[in-house]
Each structure stands twice: as structure tokens, then as C-alpha cells.
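Right, one structure below, let's go through it.
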Amino acid sequence: DTGVSQNPRHKITKRGQNVTFRCDPISEHNRLYWYRQTLGQGPEFLTYFQNEAQLEKSRLLSDRFSAERPKGSFSTLEIQRTEQGDSAMYLCASSLATSGGDTQYFGPGTRLTVL
Amino acid sequence: QKEVEQDPGPLSVPEGAIVSLNCTYSNSAFQYFMWYRQYSRKGPELLMYTYSSGNKEDGRFTAQVDKSSKYISLFIRDSQPSDSATYLCAMWRNQFYFGTGTSLTVIP
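Below, the structure written as C-alpha cells:
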């Protein structure tokens, strides 16, 4: 399967714990996006990378959230001191950005439950 | 005002019906428009991708963009129970902006 993969698929944690998610994009894609999605809502943009550079970060993203893409391939999203409000589906998407636009492909998501 | 507005539904139609899904947007700078389908507890799947105004057809799906009205549509012909899902519109200008999604159920 050459699509976007995410691990773990599900994560249950206690409030206050740190969690880390991994995303492996489609291999030739240069852009990687992180989104958060709650029930009944569309994906909410968190941040994105072009190669290893983090180009944009949502103002909604608190300091407890950090993302890395150290070699321009896979990416990790870490949430420190989790809160119950962090419970959501965390989606990763990748794309091959060209001058003609950008079309992204999503992974299956990581569902986080904070108890 | 949200950048992208989408009626959340739910929408319920009989099998074989034509379905019309719509989004409006406020930023006239949007140029690329997409429709995604999302099954329960899965990631969104790209259905259609269009640039600027006009129509694009792919099998039973037709995407329509009217930039003058800031309005996009997705039409599904001969709807099938397997089309039951949430449909998300998305637009791109430096980053992606999504609608809230419309929940569709096609009844056999």
C-alpha cells in the first residue's frame, strides 16, 4: 500500500500524559499536513511542512502541540500534558505541491481519547 | 463568518436519486476546489478536484464551480447505498479550508 499511513490508529491516554503520533506520507510528496477533526466537523488545519520546513502553524495550536519532519519524510505530532478537549481524530495528509496547485491525500487518522 | 459554509444535513435519499451537495465561500482568492468523501471513522478520500469556474465530470460524479457566486456543487447521479458517507468540500489558497461536511444516506 503506497498511501499515507498513520500510527497508532487509536490511542487512549490519561489527562496530563504526553502522546506522539507518526505519519508516513506518500513517498514522492513534498508537503505534509496535520489536521484535527471532531465529530460533525470538517478537518481543522493545525500545521504543514514543505520538505522539512514547517511553513505554517494554526493560531489555534497551543504551545502543548509540536510537530516535526526531521528529514522531510515522516512526521511526528506530539501533544504534551493532554487535556480532555484534545480528544479527536488527528489526520495527516500529504501532497505534491506544484505551481498548478495542491491536492492532498489523507491517511486513516489516529483517534485520540483522553480520559 | 467561516471561510467555507456547508449545510451539515443530514440528507437522506432513495437509491437511484440525484444528489446535490453545495458549499459557499467568502474568499474570492480561492482557486482550487475539492470534494472529499469520508466514511465513518476513516480519513477523507479525494473524489473530485477542479480549478476555477466550470464543470468536471467523473463517472456518476459532477463537480461544478461558480466563482461569480462563490458557490460550488457536487452532483451524484444514480446514487447507491455505498455512496452513504459524509461529503466535505475543500478549497485551497496557501492552505486548505474545509466545510463541516454533509452527511448523506442513500436508502436501498
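Listed in order, the protein sequences are those of chains Y and V.
Once you know that position 35 of the first sequence is 1225 in the numbering used here, the rest is easy, because the numbers rise by one and skip nothing.
Once you know that position 9 of the second sequence is 935 in the numbering used here, the rest is easy, because the numbers rise by one and skip nothing.
Glycine is no exception: its CB is placed at the ideal position from the N, C-alpha and C atoms.
Quick caveat, the model's predicted, so the values are computed rather than measured.
By the Cβ criterion, the region 977 to 996 of chain V is not in contact with the region 1017 to 1029 of chain V, since fewer than three pairs of Cβ atoms, one from each stretch, lie closer than 8 Å. One thing to note: Val1032(V) has its Cβ within 7 Å of the Cβ of Val939(V). Under the DSSP assignment, Arg1199(Y) falls outside any beta strand (DSSP E); it carries neither an H nor an E label.
Restricting attention to Thr1303(Y), Gly1262(Y), Ile1269(Y), Arg1249(Y), the CA atom closest to the CA of Ser1284(Y) is found in Gly1262(Y). DSSP places Gly935(V) outside both helix and strand once states are collapsed to three, so it counts as coil. Taking the beta carbon of Leu1286(Y) as reference, no residue of chain V falls within 7 Å; the closest one sits roughly 13 Å away.
If you look at Phe1022(V), you'll find it in the beta strand (DSSP E) that goes 1021 to 1024. Within the same chain, Gln1196, Arg1199 come within 7 Å of Pro1298(Y) by CB-CB distance, once the 5 residues on both sides are set aside. Arg1205(Y) has its alpha-carbon roughly 32 Å from the corresponding atom of Gln1294(Y). Spanning the alpha carbons of Pro1215(Y) and Arg1259(Y) requires a straight line of approximately 11 Å. For the set His1219(Y), Val1209(Y), Ile1202(Y), the Cα lying nearest the Cα of Ile1269(Y) is the one of Val1209(Y).
Taking each of Leu1267(Y), Thr1303(Y), Arg1271(Y), Glu1273(Y) in turn and checking the Cα distance to Phe1211(Y), the smallest one comes out for Leu1267(Y). Between the alpha carbons of Thr1237(Y) and Tyr1223(Y) lies a distance of about 6 Å.
Ser1285(Y): member of the beta strand (DSSP E) spanning 1278 to 1285, first to last residue. Listed along chain V are Gly969, each with a C-beta nearer than 7 Å to that of Gly1299(Y). Taking 9 Å as the Cβ-Cβ cut-off, the region 1215 to 1234 of chain Y approaches chain V at Tyr1223, Tyr1225, Gln1227, Gly1230, Gln1231, Gly1232, Pro1233, Glu1234, given in chain order. Membership of Asn948(V) in the beta strand (DSSP E) is indicated by the continuous run 945 to 951.
Of Ser1217(Y), Phe1235(Y), Phe1239(Y), the smallest CA-CA separation from Arg1249(Y) is found for Phe1235(Y).
Restricted to the region 1212 to 1249 of chain Y, the beta strand (DSSP E) segments that are unbroken, complete and at least 3 residues in length are 1221 to 1227, 1234 to 1240, 1243 to 1247, listed in chain order. Assigned with DSSP and collapsed to three states, Asp984(V) falls in strand.
Per DSSP, Val1032(V) is one residue of the beta strand (DSSP E) stretching across 1028 to 1033. A direct Cα-to-Cα measurement between Tyr962(V) and Asp1004(V) gives close to 18 Å.
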